[in-house]
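Line by line, the protein sequences give chains A, B and C. First residue of the first sequence? That's 52 in this note's numbering, and the numbers climb one at a time after it. First residue of the second sequence? That's 63 in this note's numbering, and the numbers climb one at a time after it. First residue of the third sequence? That's 12 in this note's numbering, and the numbers climb one at a time after it. Idealized CB from N, CA, C, for every residue including glycine. Working notes for the structure below.
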Amino acid sequence: MSYAGVTPTARSRAMVRESRHLLFTVAPGAVWILLFLVLPSAYLMGVAFMTNGPYGLPQMPLSLASFERLAGFGFLGWSPGNLYTLLRSLWQTLISTGLVVIVAYPIAYYISTCREKWRPIMLLLVVVPSWTNQVIRTFGWMNLLAPGTPLSGLAEGLGLIPPNMGLYPSNFAVTLGLVYNFLPFMVLPLYAAFEKLDTAQVEAAQDLYASPLRAFWHAVFPQTLPGLLAGIVLVAIPAFGMYVIPELLGGGKGMMLGNLVANQFSGGANWPLGAAGAILMLIATFVGLFAMRRIGKRLGGGEEVVI
Amino acid sequence: MRKRTLKRGLTGFWWFTLAFLYLPLAVVVLFSFNASNSAASFTGISLRWYRQLMGNEEILSAFANSMVLAIVSSVIALGIGCLIGYGMYRHRHRKLGWLIVLIYLPIVLPDIVFGISEMAFFVQIHRLTGLFQPGLGTMIIAHVTFQIPFVALIVYSRFVGLDPTLFEAAKDLYATPVKRVIHFMLPTIKPALISAFFLSFTLSVDDFVISFFTAGPESATLPIYIWGAIKKGVSPEINAIATLMIGAVAIAAIVSLMFSRRRQA
Amino acid sequence: MTDSLTLDTGEASRAAAQQTESAEPTREASSIEMQGLHKRFGRDTVALDGVDLVIEAGEFFTLLGPSGCGKTTLLRILAGLEEADDGRLAIGGRDVTETPPHKRSVNTVFQSYALFPHLSVRENLAFGLKMRGMPPADREARVAKIAEFIHLGDLVDRRVDQLSGGQRQRIALARALVNEPDVLLLDEPLSALDAGLRSQLQVELLRVQKRLGMTFVFVTHDQQEAMVMSDRIAVLNGGVIQQVGPPREVYEHPANAFVARFMGHDNLYPISARDGDRLTTPLGVLSAEAAGEGGLLLIRPETLDLLPGEPAGDNQLPATVSERLYRGSHAEYRLEVGESTLQATLNNRGRHLPEVGDRVTVRVAPEDLVTLSE
Chain A
52 MSYAGVTPTA RSRAMVRESR HLLFTVAPGA VWILLFLVLP SAYLMGVAFM TNGPYGLPQM
112 PLSLASFERL AGFGFLGWSP GNLYTLLRSL WQTLISTGLV VIVAYPIAYY ISTCREKWRP
172 IMLLLVVVPS WTNQVIRTFG WMNLLAPGTP LSGLAEGLGL IPPNMGLYPS NFAVTLGLVY
232 NFLPFMVLPL YAAFEKLDTA QVEAAQDLYA SPLRAFWHAV FPQTLPGLLA GIVLVAIPAF
292 GMYVIPELLG GGKGMMLGNL VANQFSGGAN WPLGAAGAIL MLIATFVGLF AMRRIGKRLG
352 GGEEVVI
Chain B
63 MRKRTLKRGL TGFWWFTLAF LYLPLAVVVL FSFNASNSAA SFTGISLRWY RQLMGNEEIL
123 SAFANSMVLA IVSSVIALGI GCLIGYGMYR HRHRKLGWLI VLIYLPIVLP DIVFGISEMA
183 FFVQIHRLTG LFQPGLGTMI IAHVTFQIPF VALIVYSRFV GLDPTLFEAA KDLYATPVKR
243 VIHFMLPTIK PALISAFFLS FTLSVDDFVI SFFTAGPESA TLPIYIWGAI KKGVSPEINA
303 IATLMIGAVA IAAIVSLMFS RRRQA
Chain C
12 MTDSLTLDTG EASRAAAQQT ESAEPTREAS SIEMQGLHKR FGRDTVALDG VDLVIEAGEF
72 FTLLGPSGCG KTTLLRILAG LEEADDGRLA IGGRDVTETP PHKRSVNTVF QSYALFPHLS
132 VRENLAFGLK MRGMPPADRE ARVAKIAEFI HLGDLVDRRV DQLSGGQRQR IALARALVNE
192 PDVLLLDEPL SALDAGLRSQ LQVELLRVQK RLGMTFVFVT HDQQEAMVMS DRIAVLNGGV
252 IQQVGPPREV YEHPANAFVA RFMGHDNLYP ISARDGDRLT TPLGVLSAEA AGEGGLLLIR
312 PETLDLLPGE PAGDNQLPAT VSERLYRGSH AEYRLEVGES TLQATLNNRG RHLPEVGDRV
372 TVRVAPEDLV TLSE
């Protein structure tokens, strides 16, 4: 018996129903993000290729002038100011990420060796400071590093800084602020890696390799690599675009890319230049994420790093 | 022998790191009770900065703005994010790569880029149409944008953790589509909804950069007010208001600890 | 003694039962009619390829087949969880082909039990009644009644995560039965349980069905379970029904080689020539009483007899014992007959059980031989 007439309708009716359902559930959020994030970002990218007009607002014609400015070419010939800012951003990102790894690695390992019932509390203790507002945390460091405080006095006594200067504003203060800010972002993924550590492998390595250092290098370190990579992405990408910390702790000579970009949008400076800087940040972000995915896949963990 | 030395060294390093993490906050709390307005020396305990806070109209309105912004944006994000999380779950067998990219975008975008894109966009639209006057409205839009992904991912992961035949059991037991939502789906994901709301709220209160660029002259939130005060020159009043915010976080931490304890039990 | 679950009887409830969405559904058993049901998944996977089937009211009916045969798809179409691409379905004489699941007076016991984790056991049991809009007092009475009927005892006051597998199974059964559906569907409900509990619950399920007189449609891949429980069995393969009949018929007279093999038969031999009742097979020439037309001969192991000495007459074959599995109540033999092998089962009634290596004579009863098509 055949009901040829029923076949297409029953199936297509179900498909239409499912598609409409998908539309109703997903469309509001998708449209929201498209309208209020993708569209503005696209606009910003467009701005980077426009010319600077009065009040810093963008205008036609299209040009690459902003990118030239970013590289230091201005009306008065080449000046290294902007390039210094870029290099400082890179340097601060590298040095603070490195320091965060150095601090976070033993801390994550230590937590994983403690008794199970203490571990959630220890993790919470590491994370709680980052729940307070970034501005307040940075303000705390301003108080600690200001001239006349014990820490500044100590540095003076050791001859590290000239008298009455204080430890802030300085590049050192910015590095410290970045390490402080991003430490939990590294501890969490590393801790997750340590907790999953295959202890049988470690014990085998202790038998196979003479020195504990070699055992660590061959058995422990590779297993924590995915967590380490996740941590590096979580730290380095936002560090590169950091605005608050260099603004408060860095002073004029501690400026980073984020400040360069932000300054172009306040006080009628130069939108196209700021937008060009933002594009640089976006490129860095996506290169970072892409590299992370590639390396993560090659490591074979196949684990998606979810932020 | 060597193992014990290592353990002792690590314990010392742990306490040192904890001191590093809490020292800046402790200083803020300590100096909020300072009798003098010196930032360098503690001269005696006093509550004068807190008293001064209570009389400061600007701080009170900043506090109100923060609350309105956090609550309104979290409620909107909860609704939209919940729908999208369910849609992602229900249609997870389809090719939804574009949707995943779209949802992760607000999370991975550096917040300075996020903030200035929206600001530039709102300013231009406002110049052309008069809509999107910078203020609480634009801030709410911006905050919802970065809250949606977190809500969606929390709701999605809750649904994925469920036995899929539960949905069929609800249908089989005479629940109409509307009743399925009310009597099955919402109660089942209630814990996820609560934690998504609190996360959204926290993200909103905690945010400075995006708020800063999308705010209008009348819509300063607490972090924006504090920022301004710091820029103008450090006042001990900031210590007091910051201490109150640290206190709120400490309470949240204790509550979350109690919740995780109960889950283990 | 009556085992009626219905709280009130008489005209009123009978009238209400006529309405499909009434709070008091009919308890009278319903028949199921399927006509030309087709279902495809994606482009290439055919789950059902034209199923015509009538399930009688009050029957314990089993859909039997290997995984992927379409039995679960068919059950899901009965529940309304899946819509057939083509064909008609009527339950209790009413066409429900396009009726959504929440409007069908049909309930399912799921393989995973699917108890709602956010509800207590009591709330789980009352869920269907609540969704149908029954007042709380009536719901409680009905839940209490079913709890007594299934002997749930104090399970009703526990949390779902405090239940064992067997307890969950019984709660899932009660949650479906409490709605007094026209038809109860069971999707391999016992497959997750260990053997002892499983046979205990098989008996209990059968008892419940007989006492309620409700139509049960049961899905399983276990032919033993199907034979123990069913009034009738439908064997499915590749989305097509191979045979429908009572367990004895399906076991003793399988319609084709697939059904025979699925029911556990190994002694299948091609018939190369036939002369009246005399069939030529690889085992030799055998005479059969009332053998059918098919080209395959089926010899059930339990119909064989093993005699000492040499063959002396018709339907006697010389054989060597190559394997013996002693199972207490009976013994299973593997015999070599010429180039072929033959399985035989002997009851252990104190007689001599030949051993491996023994030469024996196999006697085949002509009346027990069955032929079937490939």
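- Proximity of the stretch 240 to 251 of chain A to the stretch 152 to 162 of chain A meets the contact definition, three or more beta-carbon pairs being nearer than 8 Å.
- Arg154 (chain B) is outside the set of residues whose beta carbon lies under 8 Å from a beta carbon in chain A.
- Residues of chain A whose Cβ lies closer than 7 Å to the Cβ of Val271 (chain B) are, in chain order, Tyr294, Val295.
- Ala125 (chain C) reaches chain B at Asp225, Thr227, Leu228, Glu230, Ala231, counting residues in chain order whose Cβ is nearer than 8 Å.
- Between Ile174 (chain B) and the set B:Val271, B:Arg156, B:Ala81, B:Val243, the nearest pair of CA atoms involves B:Val271.
- With three or more CB-CB distances shorter than 8 Å, the stretch 117 to 124 of chain C counts as touching the stretch 181 to 192 of chain C.
- Within 8 Å of the CB of Thr119 (chain C), the CB atoms of chain B belong to Glu230, Ala231, Asp234, in sequence order along the chain.
- Taking the Cβ atoms as the reference, Thr276 (chain B) lies roughly 5 Å from Thr200 (chain B), within the contact range of under 8 Å.
- Here DSSP, grouped into helix, strand and coil, assigns Phe72 (chain C) to strand.
- Taking Asp96 (chain C) as the centre and dropping the five residues before and after it, the same chain places the C-beta of His49, Lys50, Arg51 closer than 7 Å to its C-beta, in chain order.
- The alpha-carbon separation between Pro226 (chain B) and Ser179 (chain B) amounts to approximately 41 Å.
- Burial check for Thr200 (chain A): the Cβ neighbour count within 10 Å reaches 16 or more, so the residue is buried.
- Residue burial is scored here from C-beta neighbours: Gly320 (chain C) has fewer than 16 other C-beta atoms within 10 angstroms and is therefore classed as exposed.
- Taking the Cα positions, Pro112 (chain A) is about 12 Å away from Ala99 (chain A).
- Under the 8 Å criterion on CB atoms, Ala61 (chain A) is classed as interfacial with respect to chain C.
- A Cβ-Cβ distance of about 15 Å is found for the pair Asn190 (chain C) and Leu126 (chain C), leaving them out of contact under the 8 Å criterion.
- Under the Cβ distance rule, Asp55 (chain C) does not count among the residues neighbouring chain A, no pair being separated by less than 8 Å.
- Apart from the 5 residues on each side of it in sequence, Glu300 (chain C) sits with its Cβ closer than 8 Å to the Cβ of Asp288, Pro377, Glu378, Leu380 in its chain, given in chain order.
- The beta carbon of Phe263 (chain B) is closer than 8 Å to those of Ala132, Ile133, Ser136 in its chain, skipping five residues each way along the sequence.
- The C-alpha of Ile313 (chain B) lies about 12 Å from the C-alpha of Thr305 (chain B).
- Within 10 angstroms of the beta-carbon of His162 (chain C) lie fewer than 16 other beta-carbons, which makes it exposed.
- In this structure Pro297 (chain A) is in contact with Met307 (chain A), their Cβ atoms being roughly 4 Å apart against a cut-off of 8 Å.
- If you ignore the 5 residues before and after Phe236 (chain A), its C-beta comes within less than 6 Å of the C-beta of Leu285, Val286, all in its own chain and listed in chain order.
- Using a CB distance below 8 Å, the part of the stretch 315 to 331 of chain A facing chain B consists of Phe316, Trp322, Gly325, Ala326, Ala329, ordered along the chain.
- In the DSSP assignment, Asp234 (chain B) falls within the unbroken alpha helix (DSSP H) covering 227 to 234.
- Taking C-beta atoms under 8 Å as the contact rule, Leu284 (chain B) and Ala124 (chain B) qualify, at a distance of about 5 Å.
- Here Leu48 (chain C) carries a strand assignment [DSSP, helix/strand/coil].
- Rounded to the nearest whole angstrom, the CA to CA distance from Leu317 (chain C) to Arg169 (chain C) is 57 Å.
- When 7 Å is used as the limit between beta carbons, Ala237 (chain B) is near these residues of chain C: His113, Met142, in chain order.
- With contacts defined as CB atoms closer than 8 Å, Ser103 (chain B) and Phe95 (chain B) fail to qualify as a contacting pair.
- If the five residues before and after Thr144 (chain A) are omitted, its C-beta is found closer than 6 Å to the C-beta atoms of Ala287, Ala290, Phe291, all from its own chain and listed in chain order.
- Per DSSP, the continuous beta strand (DSSP E) segment holding Ile66 (chain C) begins and ends at 56 to 66.
- Between the alpha carbons of Leu211 (chain A) and Leu279 (chain A) lies a distance of about 33 Å.
- For Phe138 (chain C), the residues of chain B that pass the 9 Å Cβ criterion are Ala231, Ala232, Leu235, Tyr236, Ala237, His245, Phe246, in the order they occur in the chain.
- When Cβ-Cβ separations below 8 Å define contact, Ala93 (chain A) makes no contact with chain C.
- For Ala65 (chain A), the chain C residues whose C-beta falls within less than 7 Å of its own C-beta are Glu94, listed in chain order.
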